[in-house]
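A short worksheet on the structure shown next.
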Amino acid sequence: MVSLALSQISTIYKDAAGIAGNIFAFGLFVSPMPTFRRIIRNKSTEQFSGLPYIYALLNCMLSAWYGTPLISSDNVLVMTVNLIGAVFQLTYITLFITFTEKAKKLSMFGLLLAVFGLFAIVVAGSLHISDLSARRICIGFLSGAALISMFASPLLIIKLVIRTRSVEFMPFYLSLSTFLMSTAFFLYGIFNFDPFIYVSFLLSVYFCSLVSCTYDTCKSWLVYLNFRSQME
9 MVSLALSQIS TIYKDAAGIA GNIFAFGLFV SPMPTFRRII RNKSTEQFSG LPYIYALLNC
69 MLSAWYGTPL ISSDNVLVMT VNLIGAVFQL TYITLFITFT EKAKKLSMFG LLLAVFGLFA
129 IVVAGSLHIS DLSARRICIG FLSGAALISM FASPLLIIKL VIRTRSVEFM PFYLSLSTFL
189 MSTAFFLYGI FNFDPFIYVS FLLSVYFCSL VSCTYDTCKS WLVYLNFRSQ ME
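Residue 9 is where the sequence shown starts when you use this note's numbering, and the numbers rise one by one after that.
As structure tokens, then:
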């Protein structure tokens, strides 16, 4: 009786965390819109990077595949949010390719094809694994690795921030939305007893905290440098 009650409570908490994660994820998906309004208005991607959207697309596709009943039967909320996310990321990548310079068009298009090719290989390969537990472990590791690389990718922008002496290419609200979503899905993974989810999102929370601290530090440092240059 007690174990049944605890199981029901855990399910309620899991669903609540998953729904919260979906809501925060939608905020994450729409957060680049101001950036792309600027890109469309200026008809240029300027110094914005398209790599985070490539990472995000790969992550969404792999995570959506992990959430399907063919891989794990208890992660429907993971599947739905990542299917929506994949549509958003593909839209952003298309806009980025449209307005970026020719050299970046080719590299971004090549990366996009590589993502689709890799995903096709993963799907075909996993379907050849007859043992469902082994299939889940395999895709769990792959989706976890993609998730971690996606959330670590904003750290690549730090070099650009230092060179340009501006934090405009390091979107704060994107990091905030990612932090909130990661926290919600970390709890979802805990209540669902899924280590592939809670370990990946725990690392995501760490990376988001690191990016936020870097944002605050760089912003204060850049304000000081600009003030000192004006005084000289």
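For glycine and all other residues, C-beta sits at the position ideal for the given N, C-alpha and C.
Please tell me whether residue i and residue j are closer than 8 Å, where the distance is taken between their beta carbons.
i: S80; j: F199; result: no
i: Y61; j: F104; result: yes
i: I92; j: M116; result: no
i: Y74; j: G148; result: yes
i: L150; j: S212; result: no
i: T106; j: G58; result: no
i: S190; j: C216; result: yes
i: S71; j: V86; result: yes
i: Y214; j: G26; result: no
i: T76; j: N30; result: no
Which residues in the same chain as residue i place their Cβ atom closer than 6 Å to its Cβ, once the five residues preceding and following it in sequence are excluded?
i: A28; result: A192
i: G35; result: S185
i: F204; result: G148 and G152
Taking the continuous alpha helix (DSSP H) assigned at residue i, which residues delimit it?
i: G152; result: L140 to A160
i: Q97; result: V84 to F107
i: S115; result: K110 to L135
i: P40; result: Here P40 belongs to no alpha helix (DSSP H), and DSSP marks it neither H nor E.
i: N200; result: First-last for N200: undefined, no H or E at that position.
i: G75; result: L59 to G75
Hey, residue i and residue j are a contact pair by Cβ (cut 8 Å); roughly how many whole angstroms apart?
i: C68; j: N50; result: Not really, about 27 Å apart at Cβ, beyond 8 Å.
i: Q97; j: L65; result: 4 Å
i: F32; j: L188; result: 4 Å
i: I47; j: F56; result: 7 Å
Can you find the residues in the same chain that come closer than 8 Å, C-beta to C-beta, to residue i, ignoring five residues on each side of it along the sequence?
i: H136; result: none
i: A111; result: none
Examine chain C for any beta-carbon lying closer than 8 Å to the beta-carbon of residue i, and answer yes or no.
i: L85; result: Going by chain labels, chain C is absent from the structure shown, which holds only one protein chain.
For residue i, I'd like the list of residues in its chain whose CB is within less than 7 Å of its CB, leaving aside the five on either flank, ordered along the chain.
i: L210; result: F194
i: S52; result: F107
*asked:* Under 8 Å: do the segment 29 to 42 and the segment 115 to 130 share three or more Cβ pairs, one atom per stretch?
replied: The answer is no - the segment 115 to 130 does not touch the segment 29 to 42, with fewer than three Cβ pairs under 8 Å.
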